[in-house]
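Residue numbers (my numbering): 42 to 164.
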């Protein structure tokens with residue numbers, strides 16, 4: 042799971058980290074450390090919609106995750122359409138010299154940056 046941080050004044054975002062997950066459960070300890078360190082006012086979560094805009098198979102899990110973040114950290118959570126963010130991140134990585142082995146060198150944090158930038162630009 043990619044994590045990015047942003048600034049609403051400058052409307053900029055940058056990659057921060059990639060948080061592991063096991064069997065669909067995020068590494069809550071790692072996420073808690075980031076929340077404590079960065080103290081975000083809001084958490085933007087990518088909403089995995091199908092290309093036609095309908096809910097995807099994992100949309101319910103993402104919405105549950107968003108509710109868990111709200112409960113654990115008392116933060117506002119905003120879901121943002123993440124369609125094409127991974128494709129855009131892969132294209133940018135390849136253009137920057139990535140070798141294309143995204144399993145060995147994931148770019149989830151770059152995709153998170155794109156999702157956050159989308160939200161920032163809509164504000």
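Ideal placement from N, C-alpha and C gives every residue a C-beta, glycine not left out. Here the structure is a predicted model, which means the values were calculated and not measured.
Inset, instruction - Name the two residues that bound the continuous alpha helix (DSSP H) containing residue 162. - result: Segment 149 to 163, the alpha helix (DSSP H) holding residue 162.
Inset, instruction - Could you pull out every residue in the same chain whose Cβ sits closer than 7 angstroms to the Cβ of residue 161, ignoring the five residues on either side in sequence? - result: Excluding the 5 residues flanking it on each side, residue 161 has same chain C-beta neighbours closer than 7 angstroms at 47, 49, 52, 54, in chain order.
Legend entry - Local conformation of residue 122 per DSSP, three classes: Residue 122 falls in the strand class under three-state DSSP.
Inset, instruction - Would you identify the three-state DSSP class for residue 128, choosing helix, strand or coil? - result: The three-state reading of DSSP puts residue 128 in helix, counting H, G and I together.
Inset, instruction - Determine the burial state of residue 126: buried for a count of at least 16 other Cβ atoms within 10 Å of its Cβ, exposed for fewer. - result: With a 10 Å radius around the Cβ and a threshold of 16 neighbouring Cβ atoms, residue 126 comes out buried.
Inset, instruction - Specify the secondary structure class of residue 53 as computed by DSSP and reduced to three states. - result: In the three-state reduction of the DSSP assignment, residue 53 falls in the strand class.
Inset, instruction - Please say whether residue 120 and residue 86 have beta carbons closer to each other than 8 angstroms? - result: In this structure, residue 120 lies closer than 8 angstroms to residue 86 by Cβ.
Inset, instruction - Can you tell me which of the three DSSP states residue 99 falls into? - result: Coil, per DSSP.
Inset, instruction - Starting from the Cα of residue 73, find the closest Cα among 92, 44, 124 and give me that residue. - result: Cα-wise, what sits closest to residue 73 is 44.
Legend entry - 6 angstroms Cβ shell around residue 148 - same chain, five flanking residues per side excluded: Cβ neighbours of residue 148 beyond the five flanking positions: 130, 134.
Inset, instruction - Could you tell me which residues DSSP puts in a beta bridge with residue 58? - result: Residue 58 is bridged to 44.
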